[in-house]
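In terms of full-length UniProt numbering, the sequence shown is residues 1 to 182. Below: the structure, in structure tokens.
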Amino acid sequence: MVERPYNVLFLCTWNSARSIFGECIVNRFGRGQFNGYSAGSHPKGEVHPLALQVLRRNNYLTEDLRSKDWAEFAEPGAPVMDFVFTVCDRAATEVCPVWPGQPMTAHWGVPDPAEVEGNEVARMMAFRQAFAALQNRIQIFLSLPLASLDRLKLQRELDAIGQTPLPVLEQVEQFQSESEGR
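Dropping the structure here:
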């Protein structure tokens with residue numbers, strides 16, 4: 001498709017958790033081959049504190065993260081996107097800007113952890129589950145043989161990734177333990 005690193009944009013309404021997770025995960029695991037970005041249709045203006053906590057617990061740098069409007073990536077001079085993934089149902093149904101370069105798109109819906117009510121443990125588990133779901137889907141995406149897939153086959157693969165089952169909470173706890181080196 002391209003001779004530069006692939007640019008991947010994750011969209012969510014608020015750009016405060018799930019899309020931020022996508023950006024961070026792609027930048028870590030796709031280093032050199034992929035650049036991750038995130039944005040929202042109605043950005044909150046700040047990254048959710050529990051999202052930051054999950055990222056820090058998984059050894060991600062968070063200082064430069066910010067909630068931003070998706071219009072930023074449709075402006076002249078913005079990076080040309082190769083892939084655009086919506087990670088929330090609201091953003092998937094909104095009219096997106098026209099992205100230069102005709103990127104491949106798919107919907108990888110993950111429940112919004114910020115909408116979970118309850119005690120701190122329940123809320124944190126929701127954020128951990130969203131993080132684990134996106135990490136799983138992104139690792140599948142990053143392992144695709146992009147150079148050998150035509151656009152139709154690639155679209156089928158991207159859509160299938162969006163149907164990957166969400167991890168159950170026990171798997172999230174196991175993943176967390178393994179990533180913390182226990």
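Positions of the beta carbon are idealized from the N, C-alpha and C atoms, including for glycine.
- Counting only the Cα atoms, I140 lies some 10 Å from G162.
- Pairwise C-beta distances place the segment 96-107 out of contact with the segment 14-27, as fewer than three of them are shorter than 8 Å.
- The Cβ atoms of A39 and N15 sit closer than 8 Å to each other.
- When DSSP reads this structure, C12 sits in a beta bridge with G40.
- Using a C-beta cut-off of 8 Å, the segment 142-156 makes no contact with the segment 121-131, since fewer than three inter-stretch Cβ pairs fall below that distance.
- Counting C-beta pairs closer than 8 Å gives three or more between the segment 153-162 and the segment 104-115, which meets the contact rule.
- Cα atoms of D64 and D82: separation of roughly 23 Å, rounded to the nearest angstrom.
- In the three-state reduction of the DSSP assignment, N59 falls in the coil class.
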